[in-house]
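Top line first, the protein sequences correspond to chains G and Y.
Residue numbers for the first sequence follow this note's numbering, beginning at 23 and rising by one.
Residue numbers for the second sequence follow this note's numbering, beginning at 23 and rising by one.
There are 2 protein chains.
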Amino acid sequence: MEIYENLRDLAVIIAAAEVFGLIARKIRLPQVVGQIIAGLIIGPCVLGWAGNTDYIKIFAEVGVVLLMFSAGLGTNLKTLIKTGPVALLMATLGVAVPMLLGTLVTMIFYGFEAVGTAGFYKALFIGVIMTATSVGITVQTLKELGKLKTEIGTTIVSAAIIDDVIGIIVLTVVIGVAKGTGTGAGEILLKTLLFFVLSGVVGFGLYKLFSFLDSKYPHMRRITIFSLALCFALSYIAEKYFGIADITGAYVAGVILCNIKDSGYVDSRVNISSYMFFGPIFFASIGLKTDISGMTWELFAFSLSFVAAALVGKIIGCGFAAKVTKHTWKESLICGIGMMTRGEVALIVSQKGLDAGIITAEDFTPVILLIITSSVLVPILLKVLFKSNKGLSAGKMAAISNND
Amino acid sequence: MEIYENLRDLAVIIAAAEVFGLIARKIRLPQVVGQIIAGLIIGPCVLGWAGNTDYIKIFAEVGVVLLMFSAGLGTNLKTLIKTGPVALLMATLGVAVPMLLGTLVTMIFYGFEAVGTAGFYKALFIGVIMTATSVGITVQTLKELGKLKTEIGTTIVSAAIIDDVIGIIVLTVVIGVAKGTGTGAGEILLKTLLFFVLSGVVGFGLYKLFSFLDSKYPHMRRITIFSLALCFALSYIAEKYFGIADITGAYVAGVILCNIKDSGYVDSRVNISSYMFFGPIFFASIGLKTDISGMTWELFAFSLSFVAAALVGKIIGCGFAAKVTKHTWKESLICGIGMMTRGEVALIVSQKGLDAGIITAEDFTPVILLIITSSVLVPILLKVLFKSNKGLSAGKMAAISNND
């Protein structure tokens, strides 16, 4: 494939994403739903006009990295710290409940097998696949609705970040036990701890450096470019050296810079690149990835139960965590639904299970259905829930400015 | 290579390009020179921190496409038409003179051989390699100096566009004759003609459509996104179906939209993405591509003569064309120097010669030297020449607004 041929894919994707985004808005759906459907329609499932090539993947990856960087930049540190414990509880229950439900559903379909057998580990692993929330779509929806910077918004984003880490630990433990190679959980915990401690220490230094740059050269290109370089570097370092998702690194980079004077300026610059190219490509790529040609009726029945378990699991787990920490019923439901989105990470986890011989290629189909269902449902449900302020406490839903 | 690993390259490239760009400005060199040197330093030649991977290539390609799109958007149609004949003459002589000089220099080094022998074709082909101007760096330099929208700026850009087409025709003829498969010049001419006629006709319809969109939804995301999609689509179509460089398609897309009310708005949006990511990556990638590990003393001597012939050839050819069309000496020199830059296209032409068995892999070294020398020299020389207005006619150097 010649380099220039990618320009066709870019043209088709951004035009289709915009057209469907506009249609979605016309019929009062969140724009992001339109963009995902655009990907479905131009992708291998329907028209086959564009594929999820490696080139599209890198644009999509930059897209979600920028999205999380922007979420980080808009964070209010005080709120982040205040919501930390709630987010931790929400992440923990949001991992535990779907994992249990997923294991249960698989056993109901394929038989209850004794602990230690291949069937048992398969069921357990399918539970593991359900654990990791992919927060990108929720972030974009909350942004569209103007709710990202609220206390609830911050709680959801940080819960999703923590949930990712817990998910990785669970994944490693399950694979380790299933293959009999030991858990490795200690090492991951240590690495994760090290990452956040280092981010705090180095981050403070970087914050001082950027504040200095900022006061000397406000509103200049260099501040945007160096911020962006920091975002990319931290994304890379998180994944390469600490085994933490790159988007977590991007979010942390944003949080490091959220208190510099120009954080809003940088964010607006990042947002322009984001909405022009990278964002639409990321959302459309979710649809582009969707290929369910291997579907059978039996698999379809299992897939439906799988999807239901994964969605309900997050509502129960995260919603319960929110409810016991003094949120209203509606807020708890918002938290549960906000955490329902699954994406890339579920596929990566599945791939690891396939590589380890725990699950089979056929098990990817329910995962893909889960990704597409949650991606389309969550923005719609969130929009409905945010329609009126009834049942929302004013304090938790007020937009908080960065430099509050 | 995992997708996320590209984030490291992106971080390193944009940070290095910005640092060296700032240093360049400090010592009063054009910023773009700093960005190219950044690529040289972090590339395989010196540090080896980043390579010219396929992923970097697509970002770089989008970079030069956006650059040309932006140049098109800033074009004044009247000036473009007015300068057309001058640009055509400049392009023709700018192809002929370097080609003759290149052939001559090669014959001086490797012996004069009879017409029709392999040696003769090799010499002729090395002349062909010198023909195509890569105008990206000149565009960026003129932009930095605020001279892109002047009459001279427009002349140089359109001459470079035409020069590209002539270069392709010459290339096809020479390869056809050398391989005895016929010239194929007629077909290319026809295709080229068809491309510009179609661009005119379809372009007028698109212009009306965008004007309508523009009047209905001014300053909205959709206008930027659809413009961008048009730019990518036309770039792709130009190269895929008409054999014309993608950047020519991008420029034409810009020209089509240059008279809509929001052309300045779209341009400013494109520029933000351009300076944040794509531009620095494009300029740094010129340095990243540079690898001269196969250098010998004999080759070095030839390379120097090759570079000199290629640079002087453009100054004589284009400068003469400018001088006979009533430009001052200084303006003529500016035109000649502005047209000196070579890039990607020279490498693509070389590759075609290698594939056809006319030249050898060793012949790439002088081409790489030419690219890097011209890329660094042209911005510096242009800056020096534009330092004072002495010797420049006011009319030709005044910035012209789009909607003039």
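Glycine is no exception: its CB is placed at the ideal position from the N, C-alpha and C atoms.
Self-check item: Inter-residue Cα distance where the pair is F300 (chain Y) and S180 (chain G)
Solution: Reading the second sequence from its first residue, position 278 is the one you call residue 300 (chain Y). Reading the first sequence from its first residue, position 158 is the one you call residue 180 (chain G). Going by the C-alpha atoms only, they are around 31 Å apart.
Quiz prompt | Euclidean distance between Cα positions of N293 (chain G) and D76 (chain G) | solution = Numbered from 1 along the first sequence, position 271 holds the residue referred to as residue 293 (chain G). Numbered from 1 along the first sequence, position 54 holds the residue referred to as residue 76 (chain G). C-alpha separation (whole angstroms): 23 Å.
Self-check item: Any beta strand (DSSP E) of 3 or more consecutive residues that is wholly inside the stretch 190-228 of chain G
Solution: Entirely contained in the stretch 190-228 of chain G, not one beta strand (DSSP E) run reaches 3 residues.
Quiz item: chain Y beta carbons: is any one of them nearer than 8 Å to that of S257 (chain G)?
Solution: Position 235 of the first sequence, counting from 1, holds the residue named residue 257 (chain G). Yes, S257 (chain G) lies at the interface with chain Y (some Cβ there is under 8 Å from its Cβ).
Quiz prompt | Proximal chain G residues relative to R47 (chain Y), where beta-carbon distance stays under 9 Å | solution = Within the second sequence, numbered from 1, the residue matching residue 47 (chain Y) stands at position 25. Neighbours of R47 (chain Y) on chain G: none; closest Cβ ~10 Å, over 9 Å.
Practice problem: Measure the alpha-carbon distance for A118 (chain Y) versus L111 (chain Y) and round it to whole angstroms. | Solution: Position 96 of the second sequence, counted from the first residue, corresponds to residue 118 (chain Y). Position 89 of the second sequence, counted from the first residue, corresponds to residue 111 (chain Y). Distance between the alpha carbons of A118 (chain Y) and L111 (chain Y): 11 Å.
Quiz prompt | Span of the alpha helix (DSSP H), counted from its first residue to its last, around V157 (chain Y) | solution = Position 135 of the second sequence, counting from 1, holds the residue named residue 157 (chain Y). Looking at the DSSP string, V157 (chain Y) is not in any alpha helix (DSSP H), and its letter there is neither H nor E.
Quiz item: For the alpha helix (DSSP H) that S415 (chain G) lies in, which residues bound it at each end?
Solution: As a first step, residue 415 (chain G) must be located in the first sequence, where it is residue number 393. Here S415 (chain G) belongs to no alpha helix (DSSP H), and DSSP marks it neither H nor E.
Self-check item: Extent of the continuous alpha helix (DSSP H) to which F131 (chain Y) belongs
Solution: Walking along the second sequence from the start, residue 131 (chain Y) turns up at place 109. First-last of the alpha helix (DSSP H) with F131 (chain Y): L99 to Y132.
Quiz item: In chain Y, which residues lie less than 9 Å from V87 (chain G) when you measure between Cβ atoms?
Solution: Position 65 of the first sequence, counting from 1, holds the residue named residue 87 (chain G). In chain order: Y26 and L29.
Quiz item: Looking at C-alpha atoms only, which residue of Y:L407, Y:G276 and Y:G222 is the closest neighbour of T246 (chain Y)?
Solution: If you number the second sequence from 1, residue 246 (chain Y) lands on position 224. When only C-alpha atoms are compared, the closest one is Y:G276.
Quiz item: Buried or exposed: which applies to T214 (chain Y), given that a residue is buried once 16 or more other Cβ atoms fall within 10 Å of its Cβ?
Solution: Here residue 214 (chain Y) is taken as the residue at index 192 of the second sequence, counted from 1. Classification of T214 (chain Y): buried, given that the 10 Å Cβ count is 16 or more.
Practice problem: Could you name the residues of chain G that A37 (chain Y) contacts, counting a contact when the two beta carbons are closer than 9 Å? | Solution: The residue labelled residue 37 (chain Y) in the question sits at position 15 within the second sequence. Those are I247, F248, L250, A251, L252, F254 and A255, listed as they occur along chain G.
Quiz item: Which whole runs of the alpha helix (DSSP H) in the stretch 56-103 of chain Y are 4 residues long or more, in chain order?
Solution: The stretch 56-103 of chain Y contains these whole alpha helix (DSSP H) runs: 76-95.
Quiz item: Shortest alpha-carbon distance to P401 (chain G) belongs to which of G:I159, G:I35 and G:K283?
Solution: In the first sequence, residue 401 (chain G) corresponds to position 379, counting from 1. Comparing Cα positions, the closest option is G:I159.
Self-check item: Segment limits, alpha helix (DSSP H) that includes K345 (chain G)
Solution: Here residue 345 (chain G) refers to the residue found at position 323 when the first sequence is read from its first residue. Counting along the chain, the alpha helix (DSSP H) containing K345 (chain G) begins and ends at W319 to V346.
Quiz item: When burial is assigned at 16 or more other CB atoms within 10 Å of the CB, is D426 (chain G) buried or exposed?
Solution: On the first sequence, residue 426 (chain G) is found 404 positions in, with the first residue counted as 1. Per-residue confidence for D426 (chain G) stands at a pLDDT of 42, beneath the threshold of 50, marking its modelled position as unreliable; no derived number is given.
Self-check item: A255 (chain G) beta carbon less than 8 Å from that of D268 (chain G)
Solution: Here residue 268 (chain G) is taken as the residue at index 246 of the first sequence, counted from 1. Here residue 255 (chain G) is taken as the residue at index 233 of the first sequence, counted from 1. No, these two residues do not count as a Cβ contact at 8 Å.
Exercise. State the Cα-Cα distance for the pair G141 (chain Y) and I148 (chain Y), rounded to the nearest angstrom.
Key: Locating residue 141 (chain Y) in the second sequence gives position 119, where the first residue counts as 1. Locating residue 148 (chain Y) in the second sequence gives position 126, where the first residue counts as 1. Taking the straight line from one Cα to the other gives about 11 Å.
Quiz item: Is L44 (chain G) close to chain Y, meaning its C-beta is less than 8 Å from at least one C-beta of that chain?
Solution: Residue mapping note: residue 44 (chain G) aligns to position 22 of the first sequence, counting from 1. Cβ-Cβ to chain Y under 8 Å: yes for L44 (chain G).
Quiz item: chain G beta carbons: is any one of them nearer than 8 Å to that of I294 (chain Y)?
Solution: Counting from one through the second sequence, the residue named residue 294 (chain Y) turns up at place 272. Yes, its Cβ sits closer than 8 Å to a Cβ of chain G.
Quiz prompt | First and last residue of the uninterrupted alpha helix (DSSP H) at G253 (chain Y) | solution = By one-based count along the second sequence, residue 253 (chain Y) stands at place 231. Checking the sequence shown, residue 253 (chain Y) turns out to be Cys, not Gly. Looking at the DSSP string, the run of the alpha helix (DSSP H) that includes C253 (chain Y) is R243 to F264.
Quiz item: By the criterion of Cβ-Cβ separation under 7 Å, what are the contact partners of F299 (chain Y) in chain G?
Solution: As a first step, residue 299 (chain Y) is located in the second sequence; it is residue number 277 there, counting from the start. In chain order: S295.
Quiz prompt | Distance, K165 (chain G) Cα to A46 (chain G) Cα | solution = As a first step, residue 46 (chain G) must be located in the first sequence, where it is residue number 24. As a first step, residue 165 (chain G) must be located in the first sequence, where it is residue number 143. About 16 Å.
Self-check item: 8 Å Cβ cutoff met for V34 (chain Y) and W71 (chain Y)
Solution: Looking up residue 34 (chain Y) in the second sequence gives position 12. Looking up residue 71 (chain Y) in the second sequence gives position 49. Yes, Cβ-Cβ distance for V34 (chain Y) and W71 (chain Y) is below 8 Å.
Self-check item: Short-range partners of chain Y found in the stretch 228-248 of chain G, where Cβ spacing is below 9 Å
Solution: R243, R244, T246, I247 and F248
Quiz item: Just checking, does the stretch 302-318 of chain Y make contact with the stretch 58-69 of chain Y on the three C-beta pairs under 8 Å criterion?
Solution: At 8 Å Cβ cutoff, the stretches touch.
Quiz item: Does any C-beta atom of chain Y lie closer than 8 Å to the C-beta of E40 (chain G)?
Solution: In the first sequence, residue 40 (chain G) corresponds to position 18, counting from 1. E40 (chain G) counts as touching chain Y.
Self-check item: Contacting positions in the stretch 119-136 of chain Y - beta carbon closer than 9 Å to chain G
Solution: none
Quiz item: Cβ of D284 (chain G) less than 8 Å from any chain Y Cβ?
Solution: Here residue 284 (chain G) is taken as the residue at index 262 of the first sequence, counted from 1. No, D284 (chain G) does not count as interfacial toward chain Y.
Quiz item: Expressed to the nearest angstrom, what Euclidean distance is found between the alpha-carbon atoms of A272 (chain Y) and G94 (chain G)?
Solution: Numbered from 1 along the second sequence, position 250 holds the residue referred to as residue 272 (chain Y). Numbered from 1 along the first sequence, position 72 holds the residue referred to as residue 94 (chain G). Cα to Cα, A272 (chain Y) sits roughly 35 Å from G94 (chain G).
Quiz item: On the premise that T172 (chain G) lies in contact with V54 (chain G), defined as a C-beta separation below 8 Å, what is that separation, rounded to the nearest angstrom?
Solution: As a working note, residue 54 (chain G) is residue 32 in the first sequence. As a working note, residue 172 (chain G) is residue 150 in the first sequence. Actually they do not touch by this definition, with Cβ atoms about 18 Å apart.
Quiz item: Given that a residue counts as buried once 16 or more other Cβ atoms are within 10 Å of its Cβ, and exposed if not, what is A323 (chain G)?
Solution: As a working mapping, residue 323 (chain G) is identified with position 301 in the first sequence. Classification for A323 (chain G): exposed.
Exercise. With a threshold of 16 other CB atoms inside 10 Å of the CB of K201 (chain Y), please say whether the residue is buried or exposed.
Key: Start at 1 with the first residue of the second sequence, and residue 201 (chain Y) comes out as number 179. Label assigned to K201 (chain Y): exposed.
Quiz item: Taking the Cβ atom as the reference point for each residue, do A368 (chain G) and L333 (chain G) lie within a distance shorter than 8 Å?
Solution: If you number the first sequence from 1, residue 368 (chain G) lands on position 346. If you number the first sequence from 1, residue 333 (chain G) lands on position 311. No, Cβ-Cβ distance for A368 (chain G) and L333 (chain G) is not below 8 Å.
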